[in-house]
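S.K.: Sequential numbering from 42 applies to the sequence shown in the working numbering. Every residue, glycine too, gets a C-beta built ideally from N, C-alpha and C.
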Amino acid sequence: MFRRNFLFGQDSDTANVIGVNPNDLYKPGKGYGFVAEENRREQELLQISELNSGFDTVYWYRDASLTVIEGDINGCFVDCDRILQKLEEKNGDRQEGERRRLPLSFKVDVPRQGNYRVTLTIRTQEPMDNVLIFSGRRRLSFLGNIPGDTVFTHTMIVNVCDIVPRGQTRIYADTTLDITVVADRPRISSLAVAEVLCPTIYIAGDSTVTDQSADYPYAPGSSYCGWGQMITAYLNDKAGVSNHAHSGLTTDSFRKEGHYAVIDQYRKPGDFFFFQFGHNDQKLDELKAFGGYRTNLARYINECRDKGGYPVLVTPVARNSWKGNDGSYNDLLAEYAESCREVGRRLEVPVLDLHQRSMDFIQKQGLEEAKAYFFPDDYTHTNDYGAYKMAGFVAEEIQRVCSRHPEPGYCFLAKCVTEGYGEWKAKDPIVLPKKPEAYENVTNPVRAQELLFEVEDLEKEARRADVLDMIIKTVRFFPTNVYNDMFVDVVGHEWYAGTVECAYQNGMIDPHLVEKGHFYPERPVTLEEFVVLAINGYRSRKRIPREEPCLYDQDCSAYARPFVRAACAIGMLPLEEKANLHEVITRGLAVEMCRRMNV
């Protein structure tokens with residue numbers, strides 16, 4: 042079986058050990074090497090996150106060379122502090138919030154897909170704090186401090202598997218293995234890679250589970266992350282993880298878009314198959330919780346068992362979602378979590394109740410404190426801290442549920458779980474990196490379009506249904522695939538039925554806007570009515586400033602006064618010259634005011 046050993050920073054005098062120097066950059070045919078900006082720009086396959094370490098430079102440094110690799114008797118390293126200090130001196134690149142660092146990534150060719158036992162050694166004279174070791178597509182394997190005058194060794198199982206990358210429609214073969222160290226001065230002294238036979242944990246899911254990429258200079262709080270890439274921090278070296286979750290996937294599209302075919306090709310009897318869906322299924326009428334969603338889960342389970350595998354259901358991770366009208370928690374995935382539990386009971390499959398665990402945690406934290414575990418201004422997708430926390434819940438659920446399961450395979454899985462590396466949370470404010478003035482003219486090639494860019498007929502009168510749709514997009518909710526007939530004049534087949542349902546569930550529709558059970562979705566909306574709807578949406582995401590008297594106090598309805606005052610406080614309403622609160626607004630003005638919300 043395949044085995045390869047590397048010694049860094051010095052020549053090797055042993056036949057079966059390869060010496061690696063700082064100039065050894067990876068390229069096809071060589072079989073190993075560091076991945077830095079220079080060779081990433083030259084090799085197209087190194088630019089696909091899912092085929093590499095999952096790290097890439099922030100967009101304004103894509104043409105720069107940041108990673109200066111050096112060597113000494115203790116290995117190869119990157120002096121992050123010195124490099125970032127030079128960036129600050131040269132470009133004025135001083136970032137607020139968390140300390141940012143650079144990764145040191147090394148890639149090795151392996152002969153085939155499968156699991157590999159990798160032992161990383163770091164020899165250091167100086168203490169190394171907050172060290173992160175990632176394997177494969179940014180999967181966390183170690184988190185902690187390394188004391189000075191130490192020879193530190195860490196062993197992990199790294200799975201190598203083909204994948205359908207994001208935005209692609211075909212399967213890409215992958216026979217490379219990546220190891221990344223993040224520290225103030227990340228270092229690799231030696232590396233041993235050996236092919237091993239052990240069970241694989243395959244994961245199917247959506248964006249809350251997937252292997253997310255991260256920009257560098259890197260900070261955990263402003264990096265998207267799915268719990269599937271953090272679960273490795275809670276596992277020993279008896280099983281590998283192969284994560285095929287992707288953003289936007291449902292129980293249906295996971296199969297149709299080719300992701301399931303990859304797993305079907307490589308899974309073996311005795312492997313495990315984790316399923317976590319729901320976030321995107323709930324947007325589609327054909328994938329209701331007790332309809333297509335439940336049917337698809339049952340089919341996956343039966344097929345997994347037919348191949349000798351062990352299926353495991355994971356209820357969908359909860360959102361940081363709160364109702365705008367009363368500030369209570371809004372559980373938008375309750376039906377999907379219950380459907381998961383029902384399928385598990387009926388088919389006798391272990392169910393890891395991540396939904397309940399994450400929801401309890403978010404409710405205990407509250408809207409504002411929970412934000413530290415989510416990507417900035419996102420209420421669905423966790424950052425690295427949040428994904429690590431969610432993975433910890435999954436690990437605890439594995440031990441709780443699988444350790445008492447009658448099938449020995451599940452008991453083995455429970456024994457693979459460790460305690461992880463303790464608490465990991467932000468010590469500094471979490472902020473997105475700011476582009477230096479020297480790079481002001483560099484544009485982001487993947488930047489999203491301006492909010493509500495797709496809205497047409499801007500001069501037309503805005504209707505209630507129109508503005509609900511705009512506000513929901515602004516605060517990043519989404520229409521549901523069910524409508525519960527709470528209004529006499531809204532029927533399920535109308536395009537806006539799911540929008541109205543979403544607004545109702547999130548406490549956006551004030552009782553004063555309802556008349557004898559009618560919402561009047563086609564009615565033109567006044568500025569005052571828009572403000573009431575918008576502020577209820579805003580409340581679900583941000584705190585309202587303390588209520589103060591405002592310019593419009595004598596012009597607005599009594600019920601609307603707190604909403605109007607809030608709109609003035611956050612800059613939605615003009616203060617220089619009063620607008621007419623009782624005038625019907627245009628679609629264009631509605632778009633403009635949504636953008637002023639700055640949610």
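Give every residue of the same chain whose Cβ lies closer than 7 Å to the Cβ of Lys-672, excluding the five residues on either side of it in the sequence, and list them in chain order.
M.R.: In the structure as shown, the chain begins at 42 and stops at 640. Residue 672 is therefore absent and cannot be evaluated.
S.K.: Using a threshold of 8 Å, state whether the C-beta atoms of Ser-598 and Asn-424 are closer than that.
M.R.: No, the Cβ-Cβ distance between Ser-598 and Asn-424 is not below 8 Å.
S.K.: May I ask you to report which of helix, strand or coil DSSP gives Gly-349?
M.R.: Three-state result, Gly-349: coil.
S.K.: Considering only the beta carbon of each residue, do Ala-330 and Glu-376 sit closer than 8 Å?
M.R.: Result yes, Cβ atoms of Ala-330 and Glu-376 sit closer than 8 Å.
S.K.: Mapping DSSP to helix, strand and coil, what is Asn-156?
M.R.: Residue state, collapsed to three classes: strand.
S.K.: If the criterion is Cβ atoms closer than 8 Å, does the pair Leu-290 and Phe-316 meet it?
M.R.: No. Outside cutoff.
S.K.: Let me know the beta strand (DSSP E) ranges lying completely inside the stretch 348-425, each 3 residues or longer, listed in chain order.
M.R.: Correct list: 351-355.
S.K.: Where does Arg-44 sit, in a helix, a strand or coil, going by DSSP?
M.R.: Reduced to three states, the DSSP call for Arg-44 is strand.
S.K.: Just reading off the alpha helix (DSSP H) that His-623 is part of, what are its end residues?
M.R.: Here His-623 belongs to no alpha helix (DSSP H), and DSSP marks it neither H nor E.
S.K.: Where DSSP assigns a beta bridge to Arg-164, which residues make up the other side?
M.R.: DSSP output for Arg-164 lists Val-192 as bridge partner(s).
S.K.: Measuring alpha carbon to alpha carbon, tell me which of Pro-227, Arg-207, Pro-63 ends up nearest Phe-193.
M.R.: Of Pro-227, Arg-207, Pro-63, the residue nearest in Cα terms is Pro-227.
S.K.: Could you have a look at Tyr-257 and say whether DSSP puts it in helix, strand or coil?
M.R.: In this structure, Tyr-257 counts as strand in the three-state DSSP scheme.
S.K.: Span of the alpha helix (DSSP H) holding Pro-603?
M.R.: Here the alpha helix (DSSP H) through Pro-603 covers 602-610.
S.K.: Just reading off the beta strand (DSSP E) that Ser-294 is part of, what are its end residues?
M.R.: Taken as a continuous stretch (DSSP letters only), Ser-294 belongs to no beta strand (DSSP E), being part of the alpha helix (DSSP H) at 294-297.
S.K.: Starting from Met-271, trace the alpha helix (DSSP H) both ways and give me its first and last residue.
M.R.: Counting along the chain, Met-271 falls outside any alpha helix (DSSP H), and DSSP gives it neither H nor E.
S.K.: Hey, how far is the Cα of Cys-117 from the Cα of Gln-253?
M.R.: Taking the straight line from one Cα to the other gives about 27 Å.
S.K.: Please look up how many angstroms separate the CB atoms of Lys-475 and Gln-136, rounded, as I've assumed it's under 8 Å.
M.R.: Sure, about 6 Å apart at Cβ, within 8 Å.
S.K.: With the cut-off set at 8 Å, would you say Met-511 and Val-572 are in Cβ contact?
M.R.: Not a contact, by the Cβ cut-off of 8 Å.
S.K.: Could you compute how far the alpha carbon of Asp-52 sits from the alpha carbon of Ser-231?
M.R.: When rounded, the distance between both Cα atoms is 12 Å.
S.K.: So, using beta-carbon positions, are Asn-156 and Thr-241 closer together than 8 Å?
M.R.: Yes, the Cβ-Cβ distance between Asn-156 and Thr-241 is below 8 Å.
S.K.: Can you tell me the Cα-Cα spacing of Pro-188 and Glu-139, whole angstroms?
M.R.: Each residue's Cα considered, the two are about 22 Å apart.
S.K.: To test your reading of the DSSP string, which unbroken beta strand (DSSP E) runs of 3 or more residues are found completely within the stretch 208-235?
M.R.: 217-223, all fully within the stretch 208-235.
S.K.: What residue ranges within the stretch 559-609 form continuous alpha helix (DSSP H) runs of no fewer than 4 residues, ordered along the chain?
M.R.: Runs of the alpha helix (DSSP H) inside the stretch 559-609: 568-580.
S.K.: Cutting at 6 Å between CB atoms, please list the residues of its own chain near Asp-134, excluding the five before and the five after it.
M.R.: Hits under 6 Å: Leu-128, Pro-477.
S.K.: Assuming Pro-144 contacts Thr-251 under a Cβ cut-off of 8 Å, what Cβ separation, rounded to an integer in Å, is found between them?
M.R.: About 19 Å; that fails the 8 Å criterion.
S.K.: Could you tell me whether the stretch 553-573 touches the stretch 382-400, using the rule of 3 or more Cβ pairs below 8 Å?
M.R.: No contact exists between the stretch 553-573 and the stretch 382-400.
S.K.: Restricting to Cα atoms, I'd like to know which of Asp-326, Pro-590, Val-353, Lys-468 is closest to Gly-539.
M.R.: Nearest option by C-alpha distance: Asp-326.
S.K.: Under a Cβ-count criterion, where at least 16 other Cβ atoms within 10 Å of its own Cβ denotes burial, should Ala-489 be classed as buried or exposed?
M.R.: Summary for Ala-489: the model assigns pLDDT 48, below 50, so the residue's position carries little reliability; its value from the coordinates is reported in the next sentence. So Ala-489 ends up on the exposed side.
S.K.: Span of the beta strand (DSSP E) holding Val-282?
M.R.: Segment 281-284, the beta strand (DSSP E) holding Val-282.
S.K.: Could you round the C-beta distance between Gln-154 and Tyr-307 to whole angstroms and report it? I think they count as a contact, below 8 Å.
M.R.: So it is a contact: roughly 6 Å between Cβ atoms.
S.K.: For Phe-453, report the span of its alpha helix (DSSP H) as first-last.
M.R.: Element bounds for Phe-453: 449-456.
S.K.: Quick check: is any heavy atom of the ligand SAM less than 7 Å from the C-beta of Asn-547?
M.R.: Questions concerning the ligand SAM fall outside what the structure shown contains, since it holds no ligand whatsoever.
S.K.: Between Ile-124 and the rest of its own chain, which residues show a CB-CB distance below 7 Å, the 5 nearest in sequence each way excluded?
M.R.: The residues are Leu-107, Val-109, Leu-143.
S.K.: In three-state terms, what does DSSP make of Phe-434?
M.R.: DSSP places Phe-434 in helix when its eight states are reduced to three.
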